[in-house]
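Q: Have a look at the structure that comes next, please.
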Amino acid sequence: MQVSRLFEFHKALADLTRIRILALLAGGPLHGQALAGKLGVTPPTITHHMAKLREIGLISEHRDKNTIYFSLKKDVLAEHALAIVDLVNKPEALAEEEEEKQRLGVLKNFFDTDGRLKSIPAQRKKRLLVFEHLLRGLKTGRTYTEIEINDYIKKYHEDYATIRREFIANHYMYRENGIYELNPPEMWAKSE
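Residue numbering for the sequence shown is 1 to 192, as defined by full-length UniProt numbering.
Structural data, given as C-alpha cells:
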C-alpha cells in the first residue's frame, strides 16, 4: 500500500470522536441520531465525521425509509492496520518508495514532455539516474554498432558523443572494436 494513502487514512482517524464512532459501529450498524446521542454531540457533527470516514472508505451506508444506517468496514480497517505493521517491520519498503519518488522527480526535471533530455545533470547521482533511464530502450545481450548507439542517443540529446562516453566510463556498456553491448546492472556505476 502506498505510504501516502496510508498516511491519509491514519490522518483521518486522528480524531477522538471518529475513534469513538468506530468503536460504536464495531458493535453493529447505527444511524446518525443514535451516534449523536451516545457521543453527546450534535447531528451535524456526526455528519461531518461520517464524511471524513466515508472519504477513506471505512464506513458503508444503507437506507431504511428515511433513516441512514452506518456500518464499519472491518476488512478495510484490518487492511490498513496490517499495512502499517508491515511498514514498521519492513522499513526498506518506505525507503524504496521514497527513492522511486526522487527518481521520478529527477526525470521530470531533466526530460521534456517529448521525452528528450533537456540537459545532462552536473550532480553525479542525478546524472546516473538519467543515464539509466536512457538505457531502458536498449536490449541486454544484443550488440550495437557505434552508429546505432549514436542514433539511439540522438533521439534524446544532441550531444551523443558525451553520453556514449559516459555509458562506457560508468560501466553501463562494454565497447570492443566499435561494437557496444550492455553490461549487467551489477557492474553499473553507483552513486554512493
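Note that the Cβ used here is the ideal one computed from N, Cα and C, for glycine as well. These numbers come from a predicted model, not from an experiment.
Which whole runs of the alpha helix (DSSP H) in the stretch 95–166 are 4 residues long or more, in chain order?
A: The qualifying runs are 124–135, 146–154.
Q: If we ignore side chains and look at the alpha-carbon of each, how far apart do Lys139 and His48 end up?
A: If I take the Cα positions, the gap works out to 55 Å.
Q: Could you pull out every residue in the same chain whose Cβ sits closer than 8 Å to the Cβ of Asp15, ignoring the five residues on either side in sequence?
A: Excluding sequence neighbours, Asp15 sits near His49, Lys52.
Q: Count the C-beta pairs between the stretch 168–185 and the stretch 102–122 that are closer than 8 Å, then say yes if the count reaches three, no if not.
A: Touching, no, given that fewer than three Cβ pairs across the two stretches are closer than 8 Å.
Q: Would you call the stretch 3–20 and the stretch 51–68 touching, i.e. three or more CB-CB distances under 8 Å?
A: Touching, per the Cβ criterion.
Q: Going by Cα to Cα distance, which pick from Thr17, Asn183, Asn66 is closest to Leu135?
A: Nearest option by C-alpha distance: Asn183.
Q: In chain order, what residues of the same chain have a beta carbon less than 7 Å from the beta carbon of His133, not counting five sequence neighbours either side?
A: Contacts found: Leu107.
Q: Quick one: grab the DSSP three-state call for Leu58.
A: It is coil, neither helix nor strand.
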